[in-house]
Amino acid sequence: MSGFKVLIIGAGPTGLLAALALQRAGIDFTILERRKEADLNWGASVCLWPQSARVLDQLGLLDEAHALHLPMKKKCNLRRDGSVMSWSNMIENIGHYHGHEWMLFQRGDLVNLLMGDLSDITNQLLVDKQVTSIASGPDGVEVKCADGHSYSGDLIIGADGINSTTRTFVDDITPDATSGDFTTTFYGFYGHGTTVSKDLEPGVDYECHSEGFSSQLIMPSHEKYFFTIYLKLDKPTKDRHYITAEEADALAKKYGDIYLAPGVTFKEVWDAKNWTHTAPFEEGVAKKWFRDRVVLVGDSVHKMTPNIGFGLNTGWQSTVVLINLLRDLLRDNPNPDIKELTKTFEEYKKTRFNHVTKDVELAAYVLADGSEGCYVELFAGAEF
1 MSGFKVLIIG AGPTGLLAAL ALQRAGIDFT ILERRKEADL NWGASVCLWP
51 QSARVLDQLG LLDEAHALHL PMKKKCNLRR DGSVMSWSNM IENIGHYHGH
101 EWMLFQRGDL VNLLMGDLSD ITNQLLVDKQ VTSIASGPDG VEVKCADGHS
151 YSGDLIIGAD GINSTTRTFV DDITPDATSG DFTTTFYGFY GHGTTVSKDL
201 EPGVDYECHS EGFSSQLIMP SHEKYFFTIY LKLDKPTKDR HYITAEEADA
251 LAKKYGDIYL APGVTFKEVW DAKNWTHTAP FEEGVAKKWF RDRVVLVGDS
301 VHKMTPNIGF GLNTGWQSTV VLINLLRDLL RDNPNPDIKE LTKTFEEYKK
351 TRFNHVTKDV ELAAYVLADG SEGCYVELFA GAEF
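When the letters of the sequence shown are read in order and numbered with UniProt numbering, they come out as residues 1 to 384.
Shown next as structure tokens:
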């Protein structure tokens, strides 16, 4: 498959997975990442469900992943006054049912694991590459970056997240325009810290659901915790709803007396944090997944609330489908034209569209309902 070149925009977990899958398939690629360096402290926790653990297994990275992951076993639902509603062994049981554990990582550890498997990281991963323009034509693609450099190839995979520059090209809209495919109903903040309470049982996902406010306190050990706060807007919006750090502090004070775990208030978690980030929790599935020689994966094309940890996993599943289809195409024709690529992209979208739409709807339902039962039952009998 020599001669065909893929440009991947974005070096998050989904972009890196695309790179490793291409590497395994013998397809040349270059990753363009807007950050100046890989910030391994950025981001809170990410989880891999069994279907994604299998992907790591096929890439030969499962043993290393097991050495890095943060073991989890239980889930605890509680009221905002700290009283416990229910306990379950849901997380531990997922591994029993599906043969691979539900694995939790600090995001930077997973990114580092994936980067470490690139065969030539110096030439394959280029940082400080803010994309300013994308061009696609009958014979190839070109990406221009803010530093004045340009890069050419045969195909672009946009893995640059919800605020995707690649999607603006696919949608054929201006960079400052808002996509109508995504809606924000919840917003909030997430972060991580070290010790918040030695009295809490470790290996537990503590969740609190109440009117207008939901939370997750994930504590794999007494030396590490992650938290996410979900606040509901008065009405859903298509606009990008961001809050400042000052507004986040004010909201933390407002909700500080709510218990995120038995005996532990939000104020205690907030005061002990090491890092935090504010964000809208957009939801939706893009209508357009590709244009010419440019195709989208991950949050750039389907985005869901993070409460059940499906976002990364859904992105990985879509990426696997895309790379498998691309590999099959290039085996038969190492220099496909736009018509042949379009047929492949249409099959990719057809294969994944209903699956990702259901995942978006399920995440929203669980967050609104505060129930774990629906997706415990789902994964007790799911097929991957």
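Each residue gets a CB set at the ideal place from its N, CA and C atoms; glycine is no exception. Please read all numbers here as calculations on a predicted model, not as lab measurements.
Nonlocal neighbours in the same chain, by C-beta distance under 6 Å from residue i, ignoring five residues either side
i	result
Leu32	Ile9, Leu126, Lys129
Phe189	Ile229, Ala248, Thr276, Thr278
Val269	Val196, Phe227, Leu260
Val301	Ala286, Trp289
Lys267	Gly256
Thr314	Val356, Asp359
Ser88	Lys75
Gly12	none
Gly82	Tyr259, Pro262
Ser215	Cys208, Ile229, Leu260
Thr37	A small fix is needed here, since residue 37 is Glu in this sequence, not Thr. Counting only Cβ-Cβ distances below 6 Å, and skipping sequence neighbours, we find Val127.
Leu329	Pro336, Thr344
For residue j and residue i, believed in contact at Cβ under 8 Å, the rounded distance
i	j	result
Lys238	Gly180	6 Å
His100	Ala53	4 Å
Ile162	Asp299	5 Å
Phe310	Ala363	6 Å
His241	Thr184	5 Å
Ser210	Arg80	4 Å
Ser136	Asp292	4 Å
Leu341	Leu48	The Cβ separation is near 30 Å, so there is no contact.
Ala25	Ile243	Contact flag wrong, Cβ pair sits at about 42 Å.
Gly284	Phe353	Gly284 to Phe353, Cβ: 12 Å. No contact.
Candidates the options, of which the one nearest residue i by Cα
i	options	result
Leu351	Pro334, Leu367, Val320, Leu330	Looking at the sequence provided, one finds Thr at residue 351 rather than Leu. If we check each option's Cα against that of Thr351, Val320 comes out closest.
Lys5	Thr342, Lys358, Val294, Asn307	Val294
Asp234	Pro336, Tyr187, Gly12	Tyr187
Asp205	His222, Glu211, Gly212	His222
Met90	Asn77, Val84, Asp81, Gly82	Asn77
Gln58	Lys36, Ser83, Ala21, Leu330	Ala21
Thr165	Ala25, Ala146, Glu201	Ala146
Ala368	Glu207, Ser83, Pro334	Glu207
Val297	Ala135, Gln124, Tyr348, Leu341	Tyr348
residue 400	Arg327, Asn333, Tyr365	Any property of residue 400 remains undetermined from this structure, which presents the chain solely from 1 to 384.
Thr30	Val141, Gly263, Asn333, Ser214	Val141
Gly199	Gly263, Ala25, Leu330, Asn354	It should be noted that the sequence gives Asp, not Gly, for residue 199. Checked all of Gly263, Ala25, Leu330, Asn354; the closest Cα to Asp199 is Gly263.
Asp139	Lys343, Lys339, Glu346	Lys339
Ile27	Thr122, Glu361, Asn333	Asn333
Lys273	Phe213, Glu361, Ser318, Gly43	Gly43
Val131	Val366, Tyr365, Ala159	Ala159
residue 385	Asp117, Thr122, Pro50, Leu7	Not covered by the structure: residue 385. The range shown for the chain is 1 to 384.
Asp120	Trp102, Ala19, Arg167, Leu325	Ala19
For residue i, three-class secondary structure by DSSP
i	result
Gln130	coil
Pro13	helix
Glu207	strand
Phe186	strand
Phe353	helix
Ala53	helix
Val196	coil
Gly99	coil
Ile94	helix
Gly108	helix
Asn123	helix
Met85	strand
Ala135	strand
Glu142	strand
Lys343	helix
Leu68	helix
Leu48	strand
Lys358	helix
Ile8	strand
Leu59	coil
Same chain, Cβ closer than 7 Å to residue i, neighbours up to 5 away in sequence not counted
i	result
Ser133	Lys144
Leu62	Ala53, Leu56
Trp316	Thr14, Leu17, Ser52, Val55
Thr265	Gly256, Asp257, Ile258, Tyr259
Asn93	none
Asp109	Leu68
Leu113	Leu61, Glu64, Ala65, Leu68
Pro220	Leu70, Pro71, Met72, Leu104, Pro202, Gly203
Any non-hydrogen atom of the ligand FMN closer than 7 Å to residue i Cβ
i	result
Cys76	For the ligand FMN, the structure offers nothing, since it holds no ligand at all.
Same chain, Cβ closer than 8 Å to residue i, neighbours up to 5 away in sequence not counted
i	result
Ser45	Leu70, Leu104, Phe105, Gln106, Arg107, His192, Ile218, Phe226
residue 391	The first residue shown for the chain is 1 and the last is 384, placing residue 391 beyond what the model contains.
Pro236	Thr183, Thr184, Thr185
Met115	Ala11, Leu16, Ala38, Ile121, Leu125
Mind pulling the alpha helix (DSSP H) runs of 4 or more residues that sit fully within the stretch 260-338? 266-271, 311-332
Can you list the alpha helix (DSSP H) stretches of 4 or more residues lying completely in the stretch 213-258, in chain order? 245-254
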